[in-house]
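Protein chains: 2
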Amino acid sequence: MADPSKLVRPGSAAEKRGKPTLRTIADITGLAVTTVSRALADAPQISIETRHRVRQVALDIGYSPDRAAQRLKTGRTNVIAVLLAPHEEILGYGTSVMAGVARALQGTAYHLIVMPNFLDAANIEAVNYIIRNGMADGLIFSRTEPLDPRVKLLSETGFPFVTHGRTELATAHPFVDYDNFTFAYEATRRLITKGRRKPALISGPAGFTFTGHILHGFMTAVREAGCAYEILSDIDLDSPAGAIRDRIRRRQADGDPPDGFACGGEVCALATITGMSDCGLTLGVEYDIVAKQTSPLLGAIQPRVDTIYEDLTDTGEHMGRILLRRIGGSTDTSELQLLLEPELRFKTETAVGDRAV
Amino acid sequence: MADPSKLVRPGSAAEKRGKPTLRTIADITGLAVTTVSRALADAPQISIETRHRVRQVALDIGYSPDRAAQRLKTGRTNVIAVLLAPHEEILGYGTSVMAGVARALQGTAYHLIVMPNFLDAANIEAVNYIIRNGMADGLIFSRTEPLDPRVKLLSETGFPFVTHGRTELATAHPFVDYDNFTFAYEATRRLITKGRRKPALISGPAGFTFTGHILHGFMTAVREAGCAYEILSDIDLDSPAGAIRDRIRRRQADGDPPDGFACGGEVCALATITGMSDCGLTLGVEYDIVAKQTSPLLGAIQPRVDTIYEDLTDTGEHMGRILLRRIGGSTDTSELQLLLEPELRFKTETAVGDRAV
DNA sequence: ATGGCGATTTGTAACGTTTTAAATTGTGCG
DNA sequence: CGCACAATTTAAAACGTTACAAATCGCCAT
């Protein structure tokens, strides 16, 4: 079938020892470029036989489509953008999530680009840039606010995206979130169960949706129990470890200090322990901590801390999958929204007891 | 100058309310597309006057070039790829470095894509893929081996890249590295100065260049001092914190345990402290630690630890800049190689002393 | 006037792909 | 035998950009 005289056309891609293109395959098989293109796309109008043959040749010569050309022609970029915020340097949040997203993208044509938001705080600008310049087919970002302007903008535009975190906007949008209400509720209940009379909360940074959830969970638990409580002022989960440590220390100097701490992060928990230890107080004796855990660190360093696990890589993978679904055209919220449940990792009494101080 | 009848050509890009293109500007200014292209490129053959006018119009209508088209035409992708390895989830290594690279790329046409190497260990495959398919104009990766096959492959191909870490290959290549010899040397000397008689090293993972440097620095210091020493077996800096903690504990149970530790990472330091504490030993009293610090965590949590600082974001920024230089055609190794010196952050005696236990 | 020269601008083709419409087959049927 | 019709293949155009060669213009020396 293949006309030998056509095997090497003058000026053909095959001739100038570059990457093979559709043209190369066309030359080899004697088919037209169009046919090859459709064959590789598994178009039903191309005979099965031809499809197989083309596919085989493509494999043999190691053809892979030119992303730039595809992008130019179709307008689709085959790129997913992740918006990275500065806070995400902490304890590998960013890397974990990206690892998950990457896993979801594995085997697809999608690449992952990271839009660092490191310099300008107003990352609505980055979103705008991505939409206007068509830098990606979909967007992933975190730390949503109840009335998140990024979500608004993207929703209005119809640009596919998934957030890590919910909003309180009327229009539903794809998200993956961790149930921070339950986290805080269970953490606080655990403190109370352990006999602590005054649990304290180190709140999330102001303005974010999850901060409200944590607060709500904490308040629900202390109200149910009717116990004293405290929300530590001046610091939050984004505060540097040193600031949290100092705040804890100062608080102990004042009257009626808390004896239990719900910490939304590992750094926060470690800083709290340090602060308390500086005051001569021992974890598990004079006070307790329940903390959110997102890495193996805390469990190894401070085995006495009860933790509640959040799997960030898993979260990323879900976000990736949901985004692909959304890009694929799905609008079914039931498969575009996901609330992940906390996994309690409380120590049994004996397990804690059998370790020397 | 602009012919009004040309302002909206039938079928022109301007007409169908999409992104503005060169054509849009051409229609507005009455110039040819070619002229506009060159004007924006600041080609000397275009009159200054025209250049300014075109530039102004482009700004006014918010033109930004289509990356796909540029890439298709020129073959340049305007993309930098970062190879991310699984280990880099730990303590934000990956995110820190990427933040730095991103900062270096700020204001250039380059985007950052992350090639996750999470699943397959053999990341020579990923490198090959990037080269063969022209996925990027330059590559950044870390954890070099003395005879790194990735470096070999890239060097042979002439593909621009920068490594985080040196190799022992004959052909020079761009790199940024941290002077781990000096780190380990100074860390060990510090332990000895503090009166420790038997410093121990938790080595880097086998096979990497920096592991050799650390070992060499450690050995040089102990030999100079003529003191006892130990290199802890079975664990390395990549071991999970729990494994390091357990190893330290076991070691204390045997005879003649070390009383000083040089730790190449924060997690490692914390795990060591935990293990020693489990044995009833107190940091700064029965033993000392000098650790490499890459985040503010350690300083806040364990102020007694002497640290030596490595700035990963800074490293990323240097890598980005060097890569741009390399892509720009530079082959001058003096501006393509950089060895960053450790920053000693040893506590003064008084600073340590004024904190309660 | 004619030719030539520098300064500026322009038309055409090409990058590799997909899309649209049209052409080429083969087949059954009147 | 010729025609409709399906099945398959094809040619041409387009996406937005840049490289190349060629064209236009004014101006000066011939």
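If you read the protein sequences in the order shown, they are chains A and B. The first sequence begins at 869 in the working numbering and counts up one residue at a time. The second sequence begins at 869 in the working numbering and counts up one residue at a time. C-beta atoms are modelled at their ideal positions from N, C-alpha and C, and glycine is treated no differently. Given the structure is predicted, the values throughout are model-derived calculations rather than measurements.
Count the other C-beta atoms from every protein chain shown that fall within 10 angstroms of the C-beta of residue i, then say buried if there are 16 or more, exposed otherwise.
{"i": "threonine 1012 of chain A", "result": "buried"}
{"i": "alanine 900 of chain B", "result": "exposed"}
{"i": "glutamine 924 of chain B", "result": "exposed"}
{"i": "glycine 898 of chain B", "result": "exposed"}
{"i": "glutamine 913 of chain A", "result": "exposed"}
{"i": "lysine 904 of chain B", "result": "Reading the sequence as shown, one finds valine at residue 904 of chain B and not lysine. Valine 904 of chain B is buried by the Cβ-count criterion."}
{"i": "leucine 927 of chain B", "result": "exposed"}
{"i": "leucine 1015 of chain A", "result": "exposed"}
{"i": "glycine 886 of chain A", "result": "exposed"}
{"i": "proline 1017 of chain A", "result": "exposed"}
{"i": "threonine 1216 of chain A", "result": "exposed"}
{"i": "aspartate 1124 of chain A", "result": "exposed"}
{"i": "histidine 979 of chain A", "result": "buried"}
{"i": "aspartate 910 of chain A", "result": "exposed"}
{"i": "arginine 1189 of chain B", "result": "buried"}
{"i": "serine 1010 of chain A", "result": "buried"}
{"i": "threonine 902 of chain B", "result": "exposed"}
{"i": "valine 1135 of chain A", "result": "buried"}
{"i": "alanine 907 of chain A", "result": "buried"}
{"i": "valine 1225 of chain B", "result": "In this predicted model, valine 1225 of chain B has a pLDDT of only 36, less than 50, meaning its place in the structure is not dependable; the value taken from the coordinates is given anyway. Valine 1225 of chain B is exposed by the Cβ-count criterion."}
{"i": "aspartate 1122 of chain B", "result": "exposed"}
{"i": "glycine 1148 of chain B", "result": "exposed"}
{"i": "methionine 869 of chain B", "result": "Interpretation of methionine 869 of chain B is limited by its pLDDT of 37, a score under 50 that renders its predicted location unreliable; the figure taken from the coordinates is listed afterwards. Per the 10 Å Cβ criterion, exposed."}
Can the beta-carbon of residue i be found less than 8 angstroms from the beta-carbon of residue j?
{"i": "leucine 1105 of chain A", "j": "glycine 1133 of chain A", "result": "yes"}
{"i": "phenylalanine 1029 of chain B", "j": "glycine 1006 of chain B", "result": "yes"}
{"i": "leucine 1059 of chain A", "j": "aspartate 1156 of chain A", "result": "yes"}
{"i": "leucine 1180 of chain A", "j": "valine 965 of chain A", "result": "yes"}
{"i": "aspartate 1174 of chain B", "j": "valine 1158 of chain B", "result": "yes"}
{"i": "glycine 1171 of chain B", "j": "alanine 1130 of chain B", "result": "According to the sequence displayed, residue 1171 of chain B carries proline and not glycine. No."}
{"i": "aspartate 1102 of chain A", "j": "glycine 1143 of chain A", "result": "no"}
{"i": "glutamate 1178 of chain B", "j": "threonine 1162 of chain B", "result": "yes"}
{"i": "alanine 1004 of chain A", "j": "valine 947 of chain A", "result": "yes"}
{"i": "threonine 1229 of chain A", "j": "glycine 1002 of chain A", "result": "Since the first residue of chain A shown is 869 and the last is 1225, residue 1229 of chain A is not available in this structure."}
{"i": "isoleucine 1176 of chain B", "j": "lysine 1160 of chain B", "result": "yes"}
{"i": "histidine 1032 of chain B", "j": "methionine 1187 of chain B", "result": "yes"}
{"i": "leucine 1204 of chain A", "j": "arginine 1213 of chain A", "result": "no"}
{"i": "threonine 963 of chain B", "j": "glycine 960 of chain A", "result": "yes"}
{"i": "threonine 889 of chain B", "j": "aspartate 934 of chain B", "result": "yes"}
{"i": "leucine 1100 of chain B", "j": "arginine 1119 of chain B", "result": "yes"}
{"i": "leucine 1021 of chain A", "j": "proline 984 of chain A", "result": "no"}
{"i": "alanine 1089 of chain A", "j": "tyrosine 1053 of chain A", "result": "yes"}
Tell me whether residue i counts as near the ligand FAD, meaning its Cβ is closer than 7 angstroms to at least one heavy atom of that ligand.
{"i": "glutamate 1154 of chain A", "result": "Absence of the ligand FAD from the depicted structure is noted, as is the absence of any ligand whatsoever, leaving it without description."}
Tell me which residue opens and which closes the beta strand (DSSP E) that residue i is part of.
{"i": "tyrosine 1177 of chain A", "result": "1174–1177"}
{"i": "glycine 1129 of chain B", "result": "Reading off the sequence, residue 1129 of chain B comes out as phenylalanine, not glycine. It spans 1128–1131 - the beta strand (DSSP E) in which phenylalanine 1129 of chain B sits, taken as one unbroken run."}
{"i": "lysine 1160 of chain A", "result": "1156–1161"}
{"i": "leucine 952 of chain B", "result": "947–952"}
{"i": "glutamine 1205 of chain A", "result": "1205–1208"}
{"i": "proline 912 of chain B", "result": "Proline 912 of chain B -> no beta strand (DSSP E), and no H or E assigned at all."}
{"i": "proline 984 of chain B", "result": "979–984"}
What is the residue span of the alpha helix (DSSP H) that residue i lies within?
{"i": "glutamate 1211 of chain A", "result": "Element bounds for glutamate 1211 of chain A: not the alpha helix (DSSP H) but the beta strand (DSSP E), 1211–1213."}
{"i": "aspartate 1146 of chain B", "result": "1134–1146"}
{"i": "leucine 1149 of chain A", "result": "It is not in any alpha helix (DSSP H) - leucine 1149 of chain A carries neither H nor E in the DSSP assignment."}
{"i": "alanine 970 of chain A", "result": "961–973"}
{"i": "isoleucine 1190 of chain B", "result": "1180–1195"}
{"i": "leucine 1165 of chain A", "result": "1165–1169"}
{"i": "alanine 936 of chain B", "result": "935–942"}
{"i": "glutamine 924 of chain B", "result": "916–929"}
{"i": "leucine 899 of chain B", "result": "Counting along the chain, leucine 899 of chain B falls outside any alpha helix (DSSP H), and DSSP gives it neither H nor E."}
field: Segment contact flag, the stretch 990–1002 of chain A with the stretch 1201–1218 of chain A, C-beta cutoff 8 angstroms, min 3 pairs
entry: They do not touch, by the three-pair rule.
Sufficient close CB pairs (3 or more, under 8 angstroms) joining the stretch 1095–1115 of chain B to the stretch 1164–1177 of chain A: Yes, they touch.
query: Could you give the uninterrupted runs of the beta strand (DSSP E) lying entirely in the stretch 999–1051 of chain A, keeping only those of 3 residues or more?
result: Those beta strand (DSSP E) runs which fall completely within the stretch 999–1051 of chain A and span 3+ residues are 1006–1010, 1029–1032, 1043–1046.
- prompt: Is there contact here, the stretch 1046–1061 of chain A with the stretch 1081–1095 of chain A, by at least three beta-carbon pairs under 8 angstroms?
  reply: Yes, they touch.
Segments assigned beta strand (DSSP E), at least 3 residues, entirely inside the stretch 1042–1109 of chain B: You should have 1043–1046, 1067–1069.
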